[in-house]
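In my numbering, the protein residues as written are 531 to 814.
We put the CB at the ideal spot given by N, CA and C, even for glycine.
Keep in mind the model is a prediction, meaning the values are calculated, not measured.
Take a look at the structure set out below.
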Amino acid sequence: MNRRKLQNYLGLGVLGLFLFITFAFLIIFLVRMFYMGSSVLSLEFVTTNPRNAMTEGGIFPAVVGTFWLTTLAILVATPMGVLTAVYLTSYGRPMWFVRLVKIAINTLAGTPSIIFGLFGMAIFVNLMRLNISLISGALTLAILALPMIINATEEALRGVPSDFSEASLALGATKRQTILRVMIPTALPNILTGTIISIGRIAGETAPIMFTAATFYSRRLPESLSDEVMALPYHIYALMTEGTHSASQVPIAYGTALILLLMVLSISGVAVFIRFNIRRNRKW
């Protein structure tokens with residue numbers, strides 16, 4: 531066996547080892563979660579309110595609160611992120627300004643989530659007087675998701691073959707028509723990928739909503755954007771750190787974590803299914 535083949539086999543072996551370790555940790559994580567939380571999982575757990583100092587009952591208000599926080603944040607962040615990426619790739623002038631904006635976006639992407647929470651509390655809760663509410667939390671999470679959506683959309687638009695836009699312009703389409711009818715539809719699957727990643731992150735964030743939206747306990751569902759909400763990440767945090775009945779609250783916390791994981795996977799699965807259909811139905 532020559533040296534090149536030996537190096538190839540060694541490289542493949544190392545990659546396989548790392549793949550196995552990653553997969554093993556994932557299995558251990560899931561098994562531990564199911565083992566600790568399976569005792570409380572039931573339809574009643576998902577569809578009823580907490581009872582008896584959150585040692586019994588379910589997590590329905592937290593499920594609804596997380597759904598609305600995530601949905602509103604994505605509805606705000608996605609169009610803003612896509613439009614910003616379109617500007618950076620097609621209209622950005624002068625170049626020093628574009629570079630400055632990109633530095634700001636990358637800085638936001640690396641900023642700890644607790645900083646977004648403090649920003650949301652200072653701007654939305656205090657300055658704009660939206661108080662601790664659903665809308666304050668959703669706007670804070672939208673800002674958290676913006677860098678991921680912008681970067682993913684920008685890369686998706688730059689990945690569109692230049693022949694497509696050149697052909698569109700040659701046929702008499704304007705730049706705006708080319709962007710709306712050629713570039714964005716072509717890049718849509720990869721834009722959805724960025725949205726999927728951002729959904730997974732913001733649905734599981736605790737620090738931003740702790741200062742802007744979440745409440746420790748509520749028996750009623752949010753009726754308006756100005757209401758406080760329960761949320762699954764904060765509910766887990768509260769049960770594990772502020773509870774006084776650990777024997778009954780720890781399984782509920784693990785069960786809540788499982789529901790949060792399943793919710794994120796379900797939302798991501800729907801988005802992946804939509805992306806797959808878009809790609810399958812293309813004619814090129």
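For residue i, count neighbouring Cβ atoms within 10 angstroms of its own Cβ and tell me buried if that reaches 16, exposed if not.
i              : result
glutamine 537  : exposed
isoleucine 558 : exposed
asparagine 822 : Lying outside 531 to 814, the shown extent of the chain, residue 822 is not represented and no answer is given.
methionine 760 : buried
asparagine 582 : exposed
glycine 546    : exposed
asparagine 636 : exposed
threonine 683  : buried
glutamine 707  : exposed
asparagine 681 : buried
isoleucine 766 : buried
methionine 658 : exposed
Looking at the structure shown, is residue i part of a helix, part of a strand, or coil, going by DSSP?
i             : result
proline 752   : coil
glutamate 696 : helix
glutamate 758 : coil
glycine 587   : strand
proline 832   : Nothing about residue 832 can be read from this structure; the chain reaches only from 531 to 814.
arginine 623  : coil
proline 580   : strand
alanine 592   : helix
In whole angstroms, what is the alpha-carbon distance linking residue i and residue j?
i                 : j                 : result
valine 544        : phenylalanine 553 : 14 Å
serine 572        : threonine 601     : 25 Å
arginine 711      : leucine 762       : 39 Å
arginine 805      : leucine 687       : 16 Å
alanine 615       : isoleucine 633    : 14 Å
valine 690        : glycine 799       : 25 Å
leucine 638       : leucine 718       : 24 Å
glycine 567       : alanine 783       : 7 Å
arginine 750      : proline 624       : 51 Å
serine 776        : threonine 736     : 20 Å
isoleucine 551    : leucine 560       : 14 Å
phenylalanine 649 : tryptophan 626    : 27 Å
serine 666        : proline 609       : 18 Å
leucine 542       : glutamate 685     : 29 Å
isoleucine 653    : isoleucine 645    : 12 Å
isoleucine 714    : glycine 640       : 27 Å
phenylalanine 694 : threonine 716     : 9 Å
methionine 584    : threonine 771     : 13 Å
When the distance is taken between beta carbons, is residue j closer than 8 Å to residue i?
i                 : j              : result
serine 620        : isoleucine 709 : yes
methionine 793    : isoleucine 727 : no
glycine 734       : leucine 790    : yes
glycine 587       : threonine 578  : yes
leucine 599       : alanine 743    : yes
valine 606        : leucine 618    : no
leucine 540       : glycine 611    : no
leucine 795       : isoleucine 732 : no
leucine 671       : proline 738    : yes
proline 752       : leucine 664    : yes
phenylalanine 803 : alanine 768    : no
So, at 6 Å on beta carbons, what are the nonlocal neighbours of residue i in its own chain, with the 5 sequence-adjacent residues on each side left out?
i                 : result
phenylalanine 741 : Gly647, Met651
proline 642       : none
Identify, in the order they occur along the chain, each residue of the same chain with its Cβ nearer than 8 Å to the Cβ of residue i, setting aside the five sequence neighbours on each side.
i             : result
alanine 801   : Leu722, Thr725, Ile726, Ile729
glutamate 758 : Ile662, Ser663, Leu664, Ala743, Ala744, Thr745, Ser748, Pro752
lysine 705    : Ser620, Leu699
Starting from the C-beta of residue i, find all residues in its chain whose C-beta is less than 7 Å away, skip the five residues before and the five after it, and write them out in chain order.
i                 : result
phenylalanine 590 : Val576, Thr577, Thr578, Asn579
phenylalanine 555 : none
proline 781       : Met566, Gly567, Ser569, Val570
isoleucine 764    : The sequence shown places tyrosine at residue 764, not isoleucine. Thr736, Ile739, Met740, Ala744, listed in sequence order.
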